[in-house]
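Counting in the working numbering, the final residue of the sequence shown is number 1192, and the numbers go up one at a time with none missing. Here is the structure we will look at.
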Amino acid sequence: MALQLRRKVHESVVYIDRDSAPRIVSSGMDFLLEDLPVGTRVIYPNAPIKGLPNREAAIRYALNHPHDCDPLYAQLEPGMKVTIAIDDISMPLPPMKTPDVRQTALEILLDLLHANGVDDVHLIIA
């Protein structure tokens, strides 16, 4: 099977050919400049989408309109125990402007729990 050069399937997909420049690849916390083998398919992320005008409102909307179940507030009962697992926000990946959206979501969620009588909350941050 002959190699097709400069084929283009989607704007975010590139196939490496003999004339391709080295590519920047991530390696832990660093980046490396690497020559990739001919025929390698490189997939780039889509362009970023426009940010939400009010992310707090979007978070509240998501909590009040979950997929295929009742709103979170309707599932809460005073005195119940809740455990929240969230990833470590000390190293935001991808990098985010402060405040980190995970922090905002956690603050809104804790307020919602408290407003509905849920005071026994355990956080698992890993």
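By construction, the Cβ of each residue, glycine as well, lies at the ideal position given by its N, Cα and C atoms.
Check this for me: beta carbons of residue i and residue j, under 8 angstroms apart or not?
| i | j | result |
| --- | --- | --- |
| Leu1138 | Leu1098 | no |
| Asp1154 | Ile1125 | no |
Under three-state DSSP, which class holds residue i?
| i | result |
| --- | --- |
| Glu1122 | helix |
| Ala1192 | coil |
| Ala1151 | strand |
| Ala1128 | helix |
| Tyr1139 | helix |
| Val1167 | helix |
| Glu1173 | helix |
| Leu1178 | helix |
Pick from the options: whose alpha carbon is nearest that of residue i?
| i | options | result |
| --- | --- | --- |
| Ser1078 | Arg1107, Ala1123, Asp1096 | Arg1107 |
| Pro1103 | Asp1083, Ser1092, Pro1119 | Asp1083 |
| Lys1147 | Leu1189, Gly1094, Met1095, Ala1087 | Leu1189 |
| His1076 | Pro1132, Pro1165, Ile1109 | Ile1109 |
| Lys1163 | His1131, Asp1085, Gly1117 | Gly1117 |
What is the C-beta distance between residue i and residue j, in whole angstroms, given that I count them as a contact (C-beta under 8 angstroms)?
| i | j | result |
| --- | --- | --- |
| Leu1176 | Val1187 | 7 angstroms |
| Asp1096 | Pro1088 | Not confirmed; about 15 angstroms, so no contact. |
| Glu1122 | Ile1090 | No, Glu1122 and Ile1090 are not in contact; Cβ-Cβ is about 35 angstroms, not under 8 angstroms. |
| Asn1182 | Pro1144 | 7 angstroms |
| Val1184 | Leu1129 | About 13 angstroms; that fails the 8 angstroms criterion. |
| Tyr1081 | Gly1105 | 7 angstroms |
Strictly by DSSP, which residues pair up with residue i?
| i | result |
| --- | --- |
| Ser1092 | Phe1097 |
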